[in-house]
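Heads up: the sequence lines are chains A and B, in that order.
Reading the first sequence from the start, the letters are residues 196 to 383 in our numbering.
Reading the second sequence from the start, the letters are residues 196 to 383 in our numbering.
Number of protein chains: 2
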Amino acid sequence: MSRVVAERQDVIATLAEVFREHGYDGASLSLITEKTGLGKGSLYHFFPGGKEEMAEAVLGDIASWFQTHIFDRLNDSETPAAAIDDMFASVDGYFRQGRRLCLMGVIAASGAHDRFSVELNRYFADWRTALAEALGRQGMAEKERQALAEEVIGGIQGALILARSLDDPQAFSRILARLKARCQPSQN
Amino acid sequence: MSRVVAERQDVIATLAEVFREHGYDGASLSLITEKTGLGKGSLYHFFPGGKEEMAEAVLGDIASWFQTHIFDRLNDSETPAAAIDDMFASVDGYFRQGRRLCLMGVIAASGAHDRFSVELNRYFADWRTALAEALGRQGMAEKERQALAEEVIGGIQGALILARSLDDPQAFSRILARLKARCQPSQN
DNA sequence: GCATGACTGTACCAATCGGTAAACAATTTA
DNA sequence: TAAATTGTTTACCGATTGGTACAGTCATGC
């Protein structure tokens with residue numbers, strides 16, 4: 196268990212960075228072998244399905260991270276306002292204050308989109324549902340909470356792209372703060 | 196003039212679609228020859244710099260379209276509220292009600308980002324400046340208009356990614372409507 | 001009617017692509 | 001310790017990559 200799983204987990208973390216920085220098509224096997232330090236043989240030992248399986252593993256890893264650290268906390272919390280605050284803090288940390296892109300967004304904006312449409316759909320739909328319900332437990336009306344959740348989640352993606360394009364990570368933080376303010380109970 | 200320029204312009208439009216749908220790395224020359232109907236010889240005749248020059252031509256074309264149809268109108272208009280409304284209408288049309296991605300965003304989220312960082316930076320910075328100034332002529336305070344312009348432009352990018360990921364173009368329209376409402380003079 | 005220059009089709013290039021196979025080393029397990 | 005499992009190295013595969021070279025086509029202007 197320990198060794199193997201741990202190493203595979205390490206590989207997945209490195210794979211995630213490679214896909215994030217170079218995109219799916221841009222992440223060649225030679226680049227992957229270089230960054231992971233693993234030869235093709237080892238790579239195909241861990242991921243017999245090749246590059247596609249590597250990306251699936253990474254997306255699955257990300258999905259479960261968000262599930263436990265974001266979605267579940269939004270759902271379980273009895274103090275939705277605090278849970279939503281936690282969400283924004285986690286998001287800020289996860290995306291390194293705007294210096295890191297969202298791999299889900301990267302894939303969605305690439306030609307590999309079709310290959311992973313199920314994962315993409317679930318990730319964004321689950322996030323939207325969890326946030327909308329937390330907003331609801333905060334007293335927000337049905338229509339408005341659906342729309343706001345959508346706006347916030349999209350806003351985060353756009354802020355990441357904008358921050359990278361402007362080469363100004365702080366743009367991410369500024370937008371995030373505004374989105375957060377819009378989720379405050381006092382704003383309803 | 197006519198023949199050459201016109202044809203090159205047609206090619207650029209097709210190139211834009213290919214890059215949009217497949218990303219920079221995913222747009223192989225064989226795919227480009229197929230979609231444009233032009234052999235490599237013709238392609239390299241029009242774009243001696245190869246794929247990179249093709250992408251530059253497309254980005255330049257997009258930049259000038261936005262310059263004349265969006266940025267200039269925001270700047271020139273003496274009725275900023277109407278100009279901002281026009282912007283949202285143009286954006287909705289340009290992105291085909293959420294069924295079309297923004298190539299600038301696609302490139303920004305890809306490994307080819309570094310190659311085109313100048314173009315990306317200018318596109319988003321110009322848009323932000325133009326929108327912020329229009330908001331200013333509408334009476335909005337300096338700080339708030341900068342922040343709102345940033346939020347709107349990022350929000351559009353994110354809405355496109357979200358709409359594609361959820362396979363729900365209407366998500367784009369819904370978010371766009373909210374962003375537009377936030378720019379209304381009555382909201383200030 | 002012929003020279004010119006814009007355009008195109010084809011063959012080709014080295015390099016790299018994703019992926020396979022199998023020999024080999026290292027660890028566990030019995 | 002022997003066998004079985006797990007992991008790694010290396011050489012290799014055919015296909016495709018972006019790019020080049022160049023002969024040929026075609027309309028235009030002189």
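The beta-carbon is built from N, C-alpha and C at its ideal position, and this holds for glycine as well.
Q) Is there a Cβ from chain B that is less than 9 Å from the Cβ of Asp-287(A)? A) Chain B contact via Cβ: absent.
Q. Since Leu-254(B) contacts Phe-311(B) with CB under 8 Å, what's their CB separation in whole angstroms?
A. 6 Å
Q. Does the beta carbon of Gly-255(A) come closer than 9 Å to any beta carbon on chain B?
A. no
Q: With 9 Å as the threshold, decide whether the Cβ of Asn-383(A) is near any Cβ in chain B.
A: Because the pLDDT of Asn-383(A) is 48, which lies under 50, any placement of that residue in the model is unreliable, and the number read from its coordinates should be weighed accordingly. Not an interface residue.
Q. Around the Cβ of Met-196(A), are there at least 16 other Cβ atoms within 10 angstroms (buried) or fewer (exposed)?
A. Summary for Met-196(A): the model assigns pLDDT 33, below 50, so the residue's position carries little reliability; its value from the coordinates is reported in the next sentence. Within a 10 Å sphere around the beta-carbon of Met-196(A) sit fewer than 16 other beta-carbons, which makes this residue exposed.
Q: Closer than 9 Å by beta-carbon distance: list the chain B residues that pair up with Phe-283(A), in chain order.
A: From the beta-carbon of Phe-283(A), no residue of chain B is found nearer than 9 Å; the closest lies around 15 Å away.
Q. Where does the unbroken alpha helix (DSSP H) through Thr-228(A) begin, and where does it stop?
A. In the DSSP assignment, Thr-228(A) falls within the unbroken alpha helix (DSSP H) covering 224-231.
Q) Can you find a CB in chain A that lies within less than 9 Å of the CB of Phe-319(B)? A) Residue-level contact by beta carbon holds for Phe-319(B) and chain A, with a gap shorter than 9 Å.
Q.
Just to make sure I have the definition right: I need the residues of chain B whose C-beta is within less than 7 Å of the C-beta of Arg-369(A). Which are they?
A. Going along chain B in sequence order, the residues near Arg-369(A) (Cβ under 7 Å) are Ala-342 and Glu-345.
**Q.** C-alpha distance - Leu-357(A) paired with Ile-348(B), whole-angstrom precision
**A.** Each residue's alpha carbon lies about 8 Å from the other.
Q: Quick one: using the 10 Å Cβ neighbour count with 16 as the cut-off for buried, is Ala-376(B) buried or exposed?
A: Sixteen is the threshold: since fewer than 16 other Cβ atoms of the shown chains lie within 10 Å of the Cβ of Ala-376(B), the residue is exposed.
Q. Just to confirm, are Glu-304(B) and Gly-218(A) a CB contact at a threshold of 9 Å?
A. In the sequence under discussion, the amino acid at residue 304(B) is Ala, which differs from the Glu named in the question. It is a contact, given that the beta carbons lie within the stated cut-off.
Q.
At the level of alpha carbons, what is the spacing between Arg-291(A) and Leu-226(A)?
A. 23 Å
Q) Does DSSP put Met-196(A) in a helix, a strand or coil? A) Residue placement at Met-196(A) is flagged as unreliable, the pLDDT there being 33, under the threshold of 50; the coordinate-derived value follows with that caveat. In the structure shown, Met-196(A) sits in coil (DSSP, three-state: anything other than H, G, I, E or B).
Q) Can a CB atom of chain B be found closer than 9 Å to the CB of Gln-292(A)? A) At least 9 Å separates the CB of Gln-292(A) from every CB of chain B.
Q | Spatially closest choice to Ala-276(B) from Gln-204(B), Gly-331(B) and Glu-346(B), by CA coordinates | A | Gly-331(B)
Q. What number of angstroms, rounded off, separates the C-alpha of Ala-325(B) from the C-alpha of Glu-202(A)?
A. Roughly 50 Å separates the two Cα atoms.
Q.
For Met-196(B), would you say it is in contact with chain A, using Cβ-to-Cβ distances shorter than 9 Å as the test?
A. Confidence at Met-196(B) is low in this model, with a pLDDT of 32, below 50, so the placement of that residue is unreliable and no value is reported for it.
Q: Might you give, ordered along the chain, the residues of its own chain that have their beta carbon closer than 7 Å to the beta carbon of Ala-307(B), omitting 5 neighbours on each side?
A: The answer, listed in chain order, is Tyr-219 and Asp-220.
(Q) Quick check on Ser-272(A): does DSSP put it in helix, strand or coil? (A) coil
Q: Pick helix, strand or coil for Gly-245(A), following the three-state DSSP scheme.
A: Coil.
**Q.** Where the region 202-219 of chain B meets chain A: residues whose CB sits under 7 Å from a CB there
**A.** Glu-216, His-217 and Gly-218
Q.
Within 10 Å of its beta-carbon, does Lys-246(A) have 16 or more other beta-carbons around it, so buried, or fewer, so exposed?
A. buried
Q: Could you tell me which of Thr-274(A), Gly-334(A) and Gln-341(A) sits nearest to Ser-381(A), measuring between CA atoms?
A: Gly-334(A)
Q) What are the start and end residues of the alpha helix (DSSP H) that includes Glu-299(B)? A) It is Met, not Glu, that sits at residue 299(B) in the sequence shown. Note, Met-299(B): alpha helix (DSSP H), 298-303.
Q. Where do the ends of the alpha helix (DSSP H) carrying Gln-352(B) lie?
A. 337-360
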